[in-house]
Amino acid sequence: MSRRTLKAAEAIRQVVGMAILTEIQDPRVKDVTVVRVEVSGDMQTAKVYVSVMGDDAKQNLCLKGLKSCAGFLQSKIAKRIDTRYVPHIQFVLDQGVKNQLLISKMLDEEFPRERKDDESADEDSPEPDSEGLSDSEHPVSP
3 MSRRTLKAAE AIRQVVGMAI LTEIQDPRVK DVTVVRVEVS GDMQTAKVYV SVMGDDAKQN
63 LCLKGLKSCA GFLQSKIAKR IDTRYVPHIQ FVLDQGVKNQ LLISKMLDEE FPRERKDDES
123 ADEDSPEPDS EGLSDSEHPV SP
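Taking the numbering used here, the leading residue of the sequence shown gets 3, the next gets one more, and so forth.
And the structure:
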């Protein structure tokens, strides 16, 4: 990506994120986080990746609400960025967090953590002083 498209993507992310938080009144659009934005090289389209808390039905409902607000959001973007064309917004559900949780669950099932046993054993044993001397070996100060 060029520097120009990266700057446009960041501006779009900020505008869309703030508009979703403060200005959109659609009850379908809630618990949404704008993760990232990808702008095409010709600045005609912008894919807005969003993360939605909830199950699949809630996520799909939220995406429909966002698609219905796309015109409003494009007008907000037009006021912020100075380009010949305002990018057409496409909302995409970001599966990164969901995939991360799935992989973590699979790893925990495959390799159960034994750290809890190790940590409790470390807490029971007495810790040596910073110099490695026991209480009886400390020199007495006058």
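Glycine included, C-beta positions come from ideal geometry on N, C-alpha and C.
Here glutamine 61 is near leucine 95, since their CB atoms are less than 7 Å apart. As computed with DSSP, phenylalanine 93 is found in a beta bridge with Val50. DSSP places arginine 6 in the uninterrupted alpha helix (DSSP H) bounded by 5 to 24. A check of alpha carbon separations from arginine 38 across Pro89, Val18 and Leu63 identifies Val18 as the nearest. For arginine 38, there is no enclosing alpha helix (DSSP H); the enclosing beta strand (DSSP E) covers residues 34 to 41. The count of Cβ pairs closer than 8 Å, one atom from the segment 11 to 25 and one from the segment 34 to 54, reaches three, so the stretches are in contact. Rounded to the nearest whole angstrom, the C-alpha separation of valine 54 and valine 36 is 9 Å. Per DSSP, glycine 56 lies in no alpha helix (DSSP H) and is assigned neither H nor E.
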